[in-house]
Amino acid sequence: MIRQFTSAEFFFLLSAVRWTLLLSAIAFAGGAALGLLVALARTAPWQWLRATAGAYILVFQGTPLLMQLFLVFFGATMVGASVDPLAAAAIGLTLNAAAFLGEIWRGCIQAIPKGQWEASTALGLHYVTRMREIILPQAAKIAVAPTVGFLVMLVKSTSLASIIGFVELTRAGQIVNNATFRPFLVFGIVAAIYFALCWPLSLYARHLEKRFGTVSR
Amino acid sequence: MLTPAPADSTPAGDARPVMIRMAGVEKYYGTYHALKAVNLDVHQGERIVICGPSGSGKSTLIRCINALEHHQGGEIVVDGTQVGKSSRGLDKVRAEVGMVFQSFNLFPHLTVLQNCTLAPRKVRGLAPKEAEAIAMKYLERVRIPEQANKYPGQLSGGQQQRVAIARALCMAPKVMLFDEPTSALDPEMVKEVLDTMISLAQDGMTMICVTHEMGFARQVADRVIFMDKGEIVEEGPPATFFANPKSERTRTFLGQILHH
Chain A
1 MIRQFTSAEF FFLLSAVRWT LLLSAIAFAG GAALGLLVAL ARTAPWQWLR
51 ATAGAYILVF QGTPLLMQLF LVFFGATMVG ASVDPLAAAA IGLTLNAAAF
101 LGEIWRGCIQ AIPKGQWEAS TALGLHYVTR MREIILPQAA KIAVAPTVGF
151 LVMLVKSTSL ASIIGFVELT RAGQIVNNAT FRPFLVFGIV AAIYFALCWP
201 LSLYARHLEK RFGTVSR
Chain B
1001 MLTPAPADST PAGDARPVMI RMAGVEKYYG TYHALKAVNL DVHQGERIVI
1051 CGPSGSGKST LIRCINALEH HQGGEIVVDG TQVGKSSRGL DKVRAEVGMV
1101 FQSFNLFPHL TVLQNCTLAP RKVRGLAPKE AEAIAMKYLE RVRIPEQANK
1151 YPGQLSGGQQ QRVAIARALC MAPKVMLFDE PTSALDPEMV KEVLDTMISL
1201 AQDGMTMICV THEMGFARQV ADRVIFMDKG EIVEEGPPAT FFANPKSERT
1251 RTFLGQILHH
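In order, the protein sequences belong to chains A and B. With the working numbering, the residue at position 59 of the first sequence is 59, and numbering never jumps. With the working numbering, the residue at position 211 of the second sequence is 1211, and numbering never jumps.
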């Protein structure tokens, strides 16, 4: 029995947006927290720590996000823990986002002129104080624009969570399409909703780039 | 027996205690030999000017004192503490040794006052009010207290460098290192920075200045040191150093920087 695509279907799609947003928010928050550690490790004075963080980034940037989600989801089942699709997707996306944000922020930290490190070192400031008071506040300014840019990527990446069965926007689109057989209409609407989410973020990133780009030079 | 030394004494006749002892200091960058068995004793209250062509190792030498660069051979002792033996010793040395850089290196996201209070608060553990009082004292000393709440980017180069000097002084250092402090300045601003340094010298601060300002060297230095190719080629009180340089290399160098 083929259903019509009615406003009910449309609102079903719209209501799935909150799961896309929730997953994006969790992955971004988790990815930011872990990513900061990755960035600090990548710029640490200790070689073994830099190498460890480097290996982490290599693995997560060098394999498809979809495989990472599979590995978390099925890997957890294999060791006997049952994770629901949301948790699996959140963990997978967090680990992935941490690798990318870590690498973006490493670049921002290293963009701070050497003189800033030297002056704070010569004043006797310790590593933690130096990072917290001198390096990170300046790096954060440079980091804002590319970070928001990455957030756009992340929102779109959440669509992969549909494949491990988490009902977010894309999965909702598949469900509606299975019932209505109007793939072009349904996925057109799904794409339009993603665009509506991401476009303002892209504009905001560009705005931030203009604002901070000129100040930091 | 040693007699109390006049200000322009040679090091052998200096009775003041040794503040910095560098003995057989070696420094390599890869295979490049940047410092070759450098020996230098700096006495308390002594004002030393180091000059030499670029790449001669003069900056490297003073950057080894507070371990911005790590030396590989010999020893450096600052006020009784070995540099490079323990991280605790390093903290102590850095807290006692102030440094002023060619490119100022003020913290652009902090106000002038915050630039000056940060280290006293975080390293010395002073209360914010105390640190601010000290900062204002030294900002007055370098004659820019009215700029305290501005950001470094709003100041001229000369003002920034004076803030950098104040920032270092706020830690009440026993030694001040100057790494070409006027080289990045427009000519009209050189004097205000040199005047600040001269007044600091007159107050008895132990100073090591890498600079090509030979007028400054003549006026305040106890000893002028000429370096070339990682070695101390010649040293002496400014009167004899400028009038009768012993080495050919020194004469050539002085000829190049003094003839115009």
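Ideal Cβ positions, reconstructed from N, Cα and C, are used throughout, including at glycine.
Proximal chain B residues relative to residue i, where beta-carbon distance stays under 9 Å
i	result
A:E118	R1063, L1068, M1099, F1101 and N1105
A:R138	Before going on, a small fix: residue 138 of chain A reads as Gln here, not Arg. Residues of chain B passing the Cβ test: F1107, P1108 and H1109.
A:I134	F1107, H1109, L1110 and L1118
A:G218	Lying outside 1 to 217, the shown extent of chain A, residue 218 of chain A is not represented and no answer is given.
A:G75	Simply none; closest approach about 41 Å.
Residue i: contacting residues in chain A (beta-carbon distance under 7 Å)
i	result
B:K1058	Neighbours of B:K1058 on chain A: none; closest Cβ ~16 Å, over 7 Å.
B:A1119	L123, G124 and L125
B:M1207	Near B:M1207 there are no residues of chain A at all, since even the closest Cβ is about 15 Å away, more than 7 Å.
Chain A contact residues for residue i, given Cβ-Cβ distances below 9 Å
i	result
B:D1091	G124 and H126
B:R1094	T121, A122, L123, G124 and L125
Three-state secondary structure (DSSP) of residue i
i	result
B:T1250	helix
B:A1005	Unreliable positioning characterises B:A1005 in this predicted model, as indicated by a pLDDT of 43, which lies under 50. The coordinate reading is nonetheless provided below. In this structure, B:A1005 counts as coil in the three-state DSSP scheme.
B:I1020	strand
A:H126	coil
B:V1220	helix
A:T63	coil
B:M1099	strand
B:G1073	strand
B:G1163	Note on residue identity: the sequence assigns Val, not Gly, to residue 1163 of chain B. Looking at B:V1163 - three-state DSSP - the assignment turns out to be helix.
B:Q1202	helix
A:T94	helix
A:C108	helix
A:Q4	coil
A:P85	helix
A:P113	coil
B:A1127	coil
B:L1118	helix
A:V218	The structure shown does not extend to residue 218 of chain A, since chain A is modelled only from 1 through 217, so no value can be given for it.
B:L1068	coil
B:D1195	helix
B:F1241	helix
B:Y1151	coil
A:T43	coil
A:R217	Note on A:R217: pLDDT 36, under 50, position unreliable in the model; the coordinate value appears next. Three-state result, A:R217: coil.
A:A139	helix
DSSP beta-bridge partners of residue i
i	result
B:D1228	B:E1231
A:C198	A:C198 is not bridged to any residue.
B:V1038	B:V1025
B:F1107	Bridge partners of B:F1107: none, in fact.
B:I1208	B:I1048 and B:L1177
B:Y1032	B:Y1029
B:G1236	B:V1224
B:T1081	B:V1078
B:H1043	B:V1018
Proximity test, Cβ basis, 8 Å: residue i and chain C
i	result
A:T147	In summary, chain C is missing from the structure at hand, where the protein chains are A and B.
Supposed close pair residue i, residue j - CB separation, criterion 8 Å
i	j	result
B:I1050	B:M1205	That pair is no contact at about 16 Å.
A:I104	A:A143	7 Å
B:E1213	B:T1182	6 Å
B:N1039	B:M1022	6 Å
B:V974	B:E1235	With chain B covering only 1001 through 1260, there is no way to say anything about residue 974 of chain B.
B:V1042	B:I1208	6 Å
B:K1027	B:C1064	6 Å
A:K114	A:F212	So it is not a contact: roughly 21 Å between Cβ atoms.
B:A1168	B:L1139	With a Cβ gap of about 12 Å, B:A1168 and B:L1139 do not count as contacting.
A:I57	A:G102	6 Å
Chain-ordered neighbours of residue i on chain B, where CB pairs are closer than 7 Å
i	result
A:T129	K1122
A:G115	F1101, S1103 and N1105
Beta-carbon neighbours of residue i, restricted to chain A and to distances below 8 Å
i	result
B:M1171	L123 and G124
Check your understanding: Is the stretch 140 to 151 of chain A in contact with the stretch 164 to 175 of chain A, if contact means three or more CB pairs nearer than 8 Å?
Key -> Result no; under three Cβ-Cβ pairs closer than 8 Å.
Check your understanding: Hey, is the stretch 1129 to 1145 of chain B in contact with the stretch 1110 to 1121 of chain B, meaning 3+ C-beta pairs nearer than 8 Å?
Key -> Three or more Cβ pairs drawn from the stretch 1129 to 1145 of chain B and the stretch 1110 to 1121 of chain B lie within less than 8 Å of each other, which places the two stretches in contact.
Check your understanding: Are the stretch 33 to 45 of chain A and the stretch 200 to 211 of chain A touching by the rule of at least three beta carbon pairs closer than 8 Å?
Key -> Output reads no: the stretch 200 to 211 of chain A does not touch the stretch 33 to 45 of chain A.
**Study point:** Cβ contact check for the stretch 1092 to 1104 of chain B and the stretch 1138 to 1149 of chain B: 3 or more pairs under 8 Å
**Key:** No, the stretch 1092 to 1104 of chain B is not in contact with the stretch 1138 to 1149 of chain B.
**Study point:** Stretch-stretch touch, CB-based, cutoff 8 Å, three pairs: the stretch 153 to 165 of chain A with the stretch 88 to 102 of chain A
**Key:** These segments touch.
Exercise for review: Determine, using beta-carbon pairs with one atom in the stretch 1066 to 1078 of chain B and one in the stretch 1021 to 1039 of chain B, whether at least three such pairs fall under 8 Å.
Suggested key: At 8 Å Cβ cutoff, the stretches touch.
Practice item. Report yes or no: do three or more beta-carbon pairs, one from the stretch 109 to 126 of chain A and one from the stretch 1096 to 1104 of chain B, lie closer than 8 Å? Key: Between the stretch 109 to 126 of chain A and the stretch 1096 to 1104 of chain B, the count of C-beta pairs closer than 8 Å reaches three or more; the two stretches touch.
**Study point:** Segment contact flag, the stretch 81 to 95 of chain A with the stretch 64 to 71 of chain A, C-beta cutoff 8 Å, min 3 pairs
**Key:** The stretch 81 to 95 of chain A and the stretch 64 to 71 of chain A touch, with no fewer than 3 CB-CB distances between them shorter than 8 Å.
Exercise for review: Could you tell me whether the stretch 1158 to 1173 of chain B touches the stretch 1192 to 1206 of chain B, using the rule of 3 or more Cβ pairs below 8 Å?
Suggested key: Contact between the stretch 1158 to 1173 of chain B and the stretch 1192 to 1206 of chain B is present, with at least three C-beta pairs closer than 8 Å.
Practice item. Evaluate contact between the stretch 2 to 14 of chain A and the stretch 180 to 187 of chain A, counting only Cβ atoms and requiring at least three cross-stretch pairs below 8 Å. Key: Yes, since at least three Cβ pairs between the stretch 2 to 14 of chain A and the stretch 180 to 187 of chain A fall closer than 8 Å, the two stretches touch.
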